[in-house]
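**Student:** Per the UniProt record's numbering, residue 3 is the first one in the sequence shown, and the count goes up by one each step.
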Amino acid sequence: SRSDITHFGAGPASLPTDVLEEAAKALLDYNATGLGIAEHSHRSPLAADIINQAKADLATCLDIPDDYEILFMQGGGTVYDSGQFSAAVYNFVGAWVARKHKEVFGDTQGDPADHPELIQQLKQAVDNDLRIDYLVTGSWSQKASAEGERLLGSKHINIAADARKTNGGKFGTIPDESNWKLSKDAAFVYFCDNETVDGVEFPGFPKSLEPGPDGNGPVVVADMSSNILTRKIPVRKFSAIFFGAQKNLGLTGVTVVVIRKSFLPPIISQPSVALMRHLALPIPPVIFQYETIAKNNSLYNTLSIFDVYVAGRVLKKLLQTYNPNKVEAQQAVTDKKAQLIYDAIEAFPEVYKIIPNAAVRSRVNICFRVTKGGEVDAAEKAFLQESTAQGLTGLKGHRSLGGMHSQNVS
Ligand code: PMP
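Right, dumping it as structure tokens:
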């Protein structure tokens, strides 16, 4: 039964039992309405309340300022289903083109086709200067960069750092910032704050991406799918942060985007479809336009309100458990759990080997090999069998890496 096991699976991860019990009831009959929560219209006031409350509680937990919007979207992060990995490209390349358009066109109005010389100038700017900078520190940032390349072509993709290059072809480190090759005016710099598969976490916000004294800095987009709500984040230093809910927030099926409102029109107007066609740049599906989702309070199409409800219950529980502290209290718990596990692993160096470099190892996904006797495969098989028998489940590492892997969920 649930109480007999401790589940370490990275995602979908375990949820608090009381949240699930409450959710199970809500699925049958929500607030004595006679109708389950998944049967109520996503256009009902009840659905809007659930969304607004979850947004407010997330903002409280993470100190998200008022000039940031919170979006609930679908599609995850992955290259395969083209969720946020592509949405980030579409939206922030759109914002970059809108900025350049302003520089080149000034107040000139009208159809882009009426100004062939200006369009030519803009096209040249795109051809020469449009870049996305990716910091590749593990398999998820690598996949995100592959999606950027699929959408834009390799000439617009700058791999500003690749951890494998200085680590024998393997992930497990974060290259020294002095070796990063950042572009001058990148559409955005992308990194994955915690690499779930490889167990590598940025220790803090990168120094070379810090805003200057005027508050202006590079456009920074981060994937925080696996470490959101495990530490305080300097939200203002990011233009956007996204995370799938299924690890630390709720159920599979909903992805959250926290985005600076200045990246939503009308402050920077998105380039028109006609303009993007002239520039041979990809035109986003409407469902991936942050502006569209923001304008509709995440209800442009049929959002799973049940998923938002579960995320909302997890957030409420976090706030109630740690009141008056917010994510800082969860951070202390996460840090302590990680320390306990790393200490236990390190106490037996002849049995276990931690994969990533100590300075950047994840507090959330602890990746290690079982090496006893030199027979890694046999030792790991025995370790998994024995741990499962003791009720420690979901410890098997990602299929691409082997070894062991744990997600110490909140
Ligand atoms: N980013 C990170 C850091 C992840 O761990 C995952 C999923 N494990 C994803 C993105 C992809 O999420 P999804 O499968 O929901 O697309």
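Even for Gly, the Cβ is constructed at its ideal location relative to N, Cα and C.
(1) Return the chain-ordered list of same chain residues with a C-beta closer than 7 Å to the C-beta of T294, the five sequence neighbours on each side being excluded.
(2) Out of K183, R45, N130, I357, point me to the one whose CA is closest to T198's CA.
(3) Comparing alpha-carbon positions, which option in H42, V316, E149 lies nearest T19?
(4) Going straight from the alpha carbon of T8 to that of F207, what length do you get?
(5) Figure out for me which residue from R262, D129, D131 has the closest Cα to the Cα of N218.
(6) Should T198 be counted as a contact of ligand 1 given a C-beta to heavy atom distance under 7 Å?
(7) Under 8 Å between the Cβ atoms of I176 and A165?
(8) Drop a sphere of 10 angstroms on the beta-carbon of D30, count the other beta-carbons inside from all chains shown, and report buried for 16 or more, exposed for fewer.
(9) Determine which residues share a DSSP beta bridge with N196 and list them.
(10) Would you say the beta carbon of S5 is closer than 7 Å to some non-hydrogen atom of ligand 1?
(11) Determine the extent of the beta strand (DSSP E) in which G246 is found, giving its start and end residues.
(12) Give the straight-line distance between the Cα atoms of W142 and G155, rounded to the nearest whole angstrom.
(13) Quick one, which of V237, A381, D116 has its alpha-carbon nearest E212's?
(14) Along the beta strand (DSSP E) that carries E71, what are the first and last residues, could you check?
(15) Specify, as a first and last residue, the run of the beta strand (DSSP E) that F94 falls within.
(16) Whole-angstrom Cβ separation of G174 and V202, contact assumed at under 8 Å?
(17) According to DSSP, is F370 part of a helix, a strand, or is it coil?
(18) What's the gap between the Cα of L397 and the Cα of M406?
(19) Just tell me which of K104, L342, A40, A381 has its CA closest to the CA of R371.
(20) Can you determine whether any heavy atom of ligand 1 sits closer than 7 Å to the C-beta of G78, and answer yes or no?
(21) Are the segment 59-66 and the segment 306-321 touching, with three or more C-beta to C-beta distances below 8 Å?
(22) Count the other CB atoms, across all protein chains shown, that sit within 10 Å of the CB of S300; report buried if there are 16 or more and exposed otherwise.
(23) Assess, as a yes-or-no matter, whether the segment 113-121 is touched by the segment 83-93 under the definition of 3 or more beta carbon pairs within less than 8 Å.
(24) Which residue from R4, F350, A15, G11 puts its Cα closest to that of A313?
(25) Determine the contact status of L342 and F10, defining contact as a CB-CB distance below 8 Å.
(26) For a quick check, are the C-beta atoms of V76 and K234 less than 8 Å apart?
(27) In the DSSP assignment, find the beta strand (DSSP E) that holds R134 and state where it starts and stops.
(28) Can you give me the Cβ contacts of F308 inside the same chain, cut-off strictly under 6 Å, excluding the 5 residues immediately before and after it?
(29) Taking the CB atoms as reference points, tell me whether V221 and E149 lie closer together than 8 Å.
(30) Enumerate, from N- to C-terminal direction, the unbroken alpha helix (DSSP H) stretches of 4 or more residues contained entirely within the segment 262-345.
(31) Under a Cβ-count criterion, where at least 16 other Cβ atoms within 10 Å of its own Cβ denotes burial, should K167 be classed as buried or exposed?
**Tutor:** Per the coordinate set shown:
(1) V288, Y302
(2) I357
(3) V316
(4) 32 Å
(5) R262
(6) yes
(7) yes
(8) Note on residue identity: the sequence assigns Leu, not Asp, to residue 30. The residue in question, L30, is exposed, as its Cβ has fewer than 16 Cβ neighbours within 10 Å.
(9) E203
(10) no
(11) 242-246
(12) 19 Å
(13) V237
(14) 70-75
(15) F94 -> not in any beta strand (DSSP E); alpha helix (DSSP H) instead, spanning 86-107.
(16) 6 Å
(17) strand
(18) 6 Å
(19) A381
(20) yes
(21) yes
(22) buried
(23) no
(24) A15
(25) no
(26) Position check: residue 76 holds Gln in this sequence, whereas Val was assumed. No, these two residues do not count as a Cβ contact at 8 Å.
(27) It should be noted that the sequence gives Ile, not Arg, for residue 134. Counting along the chain, the beta strand (DSSP E) containing I134 begins and ends at 134-138.
(28) I39, A40
(29) no
(30) 275-280, 292-297, 307-324
(31) exposed
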